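Residue numbers (the working numbering), protein chains in the order written: chain H, 7 to 436; chain Z, 196 to 449.
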Amino acid sequence: MAALLVRIFSKSCRQICRPWGACQAGWRSRSTHPAPDTSTDQGWVSFPPLQTFSEEESMMREAVKKYAQERIAPFVSKMDDNSAMDEEVLKSLFEQGLMGIEIDPEYNGTGSSFFSSILVIEELAKVDASVAVLCDIQNTLINTLFAKLGTAAQKEHYLSRLSTDMIGSFCLSEAESGSDAFALKTRAEKHKDYYVINGSKMWISNAEHAGVFLVMANVDPSVGYKGITCFIVDRDTEGLEIGKKENKLGLRASSTCPLNFDNVKVPEKNILGQIGHGYKYAIGMLNEGRIGIAAQMLGLAQGCFDATIPYTRQRMQFGKRIFDFQGMQHQIAHVATQIEAGRLLTYNAARLKEAGRPFIKEACMAKYFTAEVATLTTSKCIEWMGGVGFTKDYPIEKYYRDCKIGTIYEGTTNIQLSTMAKFIDKEYDH
Amino acid sequence: MSGRVLVGVKRVIDYAVKIRVKPDNSSVVTDGVKHSMNPFCEIAVEEAVKMKEKKIIKEVVVVSCGPQQAQETIRTALAMGADRGIHVEVTGKDYEQLGPLQVSKIMAALAKKEDAQLIILGKQAIDDDCNQTGQMTAALLDWPQGTFASELTMEGDKIKVVREIDGGLETVKINTPAVITADLRLNTPRYATLPNIMKAKKKKIANLKPADLEVDITSRLEVLRVDEPPQREAGVKVETVDDLVARLKEAGRI
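Written as structure tokens, this is what we have:
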């Protein structure tokens, strides 16, 4: 059937009448299985469903799926209990090339695309949201910032390390500035050819293991946010203190630490991009990172759902499977629809970004919606599992705890909604 | 020993899928079902790539016979480290009837054409469990064979093969060129890392038809019917040994 579809799509001009074939194939397989591969170098100009992937993307997804099941799944429970990322897992993430997905092979990266990163994050999140966020921050924030803004020397020095063995952290939030990010107080004072950074950051992910920190500090508070500059600070810089990690409800294996900067000397050459443009970079990167978080929430929801349905098909009460009760069926179908909708929002936002088209509103929608869907899905899944869903013997309660951060970090739900509203307002300007 | 190794890989229904028989009992359902590389073929590819990394051989050529989708399987092998692929296109009815005899004829022809010094295959495919292709290929080429290999060691221009047999382990030494079939404990196949998947895109896959190799792939077998195994029935508990004997007699077992 798949081969037949590919031939029909590639040869005839009757594509418009044929989409039902693709829909059928998509319907017969579960929503986690993509529609048949339609290679874009076949040159046909039809409109494939959003769940169409290039051969490269499909292979990546399959490889990560297998890897996550075999090399990460066995550690998930332990990492959650100990609130610590396993060293083996960290090492294997690098070995598999998952930490430098978009980095050029020139710097030991994989040299693949943004959409591949999204698929990788989704697949990882199905198994462990903490591992997914580590991978997401590295790929969508750290690597992208270096690749887009780095000087040749900075790229040379950092990109090859980032793709091989070094984790990065993005330091924007402070105790007094979360959503109000530009009210950050960390100061960078200029002296000759170096800066001295003083201040503190909070809620910094990956901090426990990071080798490099991208620190947003203000060089000139008198000009407000236009003084915010991005500094590259190596872990072993004197005066940089990494505080004790937070004891969190969820995403426990992902380290979240406060940072203290006590007269930290940073050479001028460690400024990433231009002075005073830090706020732009932060907004820009967070717009893309948003899609990554959407992929994480999506994977989380799907992973939770996938772990629950088999139970509902097995568990018998009143002489039939609990799945067969109409009340259950309606709830399950509703949740499945929400997940599918979240998937389409996420994939579409990613494709828009890749196509160089405006994508910010869509990225906000994807992040906001998938975070809500993750909350709904995990909550319902615990109910469907009944008593066992409430125990730590089953993975469901972990998904439930992990999902909550989705509505909070990388732009709270309220911020997403306000941003969307601004765009909507503009759309009606003429 | 240096030179070229030919590795055969087969695209089969994924091992985790629940197999269903078509309503007309003609074959199993394959449409929309997840397929992947036969696990024993993965082990074969891994062994060949390992030999290349140890510089025992120079080139790993991966072969698969089947329809368009067989190329995915070849690409996976390329992502594991094989150098290039050969896709022998067999489609439709021909593909449904493609069996070890036909594949071994193709492998033999390719071995001669590519001047291969070693052929490594999986010991059997998990869909038909034939366990014949390796042996037939060796016979057609008149090459020695080391089947059910759980360990391979090159010794000059000979290979020492430790074979897993019913009685335990058997060690044989065979001349090259030879055919090896891989058993479960030969190695643990590597994951295709993402960078290798990208590199695999640039590797070449040649397209051939069986006719190009002058191989006749007509089948001598006809599948009459495919049935699911009988449903397992519930067991019966008995209280005494006398009961047991009586029941067994009733069922005509004794």
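Don't be surprised by glycine CBs; every beta carbon is placed ideally from N, CA and C. A quick note: this is a predicted structure, and the numbers were derived from the prediction, not measured.
Query                                                                                                                                                                                                                           : Result
Going by C-alpha distance, which of Leu151/H, Met91/H and Gln102/H is nearest Asn293/H?                                                                                                                                         : Leu151/H
What three-state label does DSSP hand Val228/Z in the structure shown?                                                                                                                                                          : coil
Using 8 Å as the cut-off, can you tell me whether the stretch 126-140 of chain H makes contact with the stretch 155-171 of chain H, which would need three or more C-beta pairs spanning the two stretches below that distance? : no
With DSSP as the reference, label Thr384/H as helix, strand or coil.                                                                                                                                                            : helix
Are three or more beta carbon pairs between the stretch 415-433 of chain H and the stretch 365-375 of chain H nearer than 8 Å?                                                                                                  : yes
Taking only the alpha-carbon atoms, compute the straight-line gap between Phe121/H and Pro234/Z and give it to the nearest angstrom.                                                                                            : 29 Å
List the DSSP bridge partners of Arg199/Z.                                                                                                                                                                                      : Glu254/Z and Ala311/Z
Output yes if chain H places a C-beta closer than 7 Å to the C-beta of Asp209/Z; else output no.                                                                                                                                : no
Could one say the Cβ of Tyr290/Z lies closer than 7 Å to chain H's Cβ atoms, at least one of them?                                                                                                                              : no
Using only CA atoms, which one of Asn145/H, Val137/H and Arg241/H lies nearest to Ile124/H?                                                                                                                                     : Asn145/H
Could you check the C-alpha separation between Gly203/Z and Glu350/Z for me, to the nearest Å?                                                                                                                                  : 24 Å
Return the CA-CA distance between Cys29/H and Gly217/H, expressed in angstroms with no decimal places.                                                                                                                          : Annotation note: pLDDT 38 at Cys29/H (below 50); position unreliable, coordinate value reported separately. Cα to Cα, the separation comes out at about 46 Å.
Strictly under 7 Å for the Cβ-Cβ distance: is Ala138/H near chain Z by that measure?                                                                                                                                            : no
Which full runs of the beta strand (DSSP E) of 3+ residues lie inside the stretch 189-240 of chain H, going along the chain?                                                                                                    : 193-197, 200-211, 216-224 and 234-240
Near Lys232/H, what residues of its chain come up, given a Cβ to Cβ distance below 6 Å and the 5 sequence neighbours on each side ignored?                                                                                      : Gly282
Is the shortest distance between the beta-carbon of Leu293/Z and the beta-carbons of chain H less than 7 Å?                                                                                                                     : no
Can you check whether the CB of Gly256/H is closer than 7 Å to the CB of Arg407/H?                                                                                                                                              : yes
Over what stretch of residues does the beta strand (DSSP E) that includes Leu257/H continue unbroken?                                                                                                                           : Taken as a continuous stretch (DSSP letters only), Leu257/H belongs to no beta strand (DSSP E), as it is neither H nor E.
Counting only beta-carbon atoms, is Gly393/H nearer than 7 Å to chain Z?                                                                                                                                                        : no
Is the distance from the Cβ of Arg270/Z to the Cβ of Lys399/Z below 7 Å?                                                                                                                                                        : no
Taking the alpha-carbon positions, what's the Cys263/H to Ser179/H distance?                                                                                                                                                    : 11 Å
With a cut-off of 8 Å, do at least 3 Cβ pairs link the stretch 383-403 of chain Z to the stretch 101-113 of chain H?                                                                                                            : yes
Give the residues of chain Z in contact with Met66/H, contact being defined as C-beta atoms less than 7 Å apart.                                                                                                                : Leu389 and Ile392
I'd like to check one pair, Ala311/Z with Leu201/Z: are the Cβ atoms closer than 7 Å?                                                                                                                                           : yes
Which value, in whole angstroms, describes the spacing of the CA atoms of Arg206/Z and Val298/Z?                                                                                                                                : 13 Å
What do you reckon, are the CB atoms on Ala377/Z and Glu242/Z nearer than 7 Å?                                                                                                                                                  : yes
Examine chain Z for any beta-carbon lying closer than 7 Å to the beta-carbon of Ser16/H, and answer yes or no.                                                                                                                  : Since pLDDT at Ser16/H reaches only 44, below the 50 mark, its modelled position is unreliable, and the value read off the structure follows with that caveat. By this cut-off, Ser16/H is not an interface position.
Three-state secondary structure (DSSP) at Arg420/Z?                                                                                                                                                                             : coil
Taking Glu101/H as the query, report the chain Z residues whose CB atoms sit under 7 Å from its CB, ordered along the chain.                                                                                                    : Thr388
Using 7 Å as the limit for Cβ to Cβ distance, is Arg36/H near chain Z?                                                                                                                                                          : Low per-residue confidence applies at Arg36/H: pLDDT is 38, beneath 50, and the placement is therefore not dependable enough to give any value.
So, at 8 Å on beta carbons, what are the nonlocal neighbours of Val367/Z in its own chain, with the 5 sequence-adjacent residues on each side left out?                                                                         : Gly341, Lys355, Val356 and Arg358
Answer yes or no: does any C-beta atom of chain Z fall closer than 7 Å to that of Gly117/H?                                                                                                                                     : yes
Which same chain residues, not among the five before or five after Asn354/H, have their C-beta less than 8 Å away from its C-beta?                                                                                              : Leu56, Glu368 and Ala372
So, with DSSP's three-state summary, where would you put His436/H?                                                                                                                                                              : coil
With DSSP run on the structure shown, which of helix, strand or coil describes Gln335/H?                                                                                                                                        : helix
Can you tell me whether Lys326/H is helix, strand or coil according to DSSP?                                                                                                                                                    : strand
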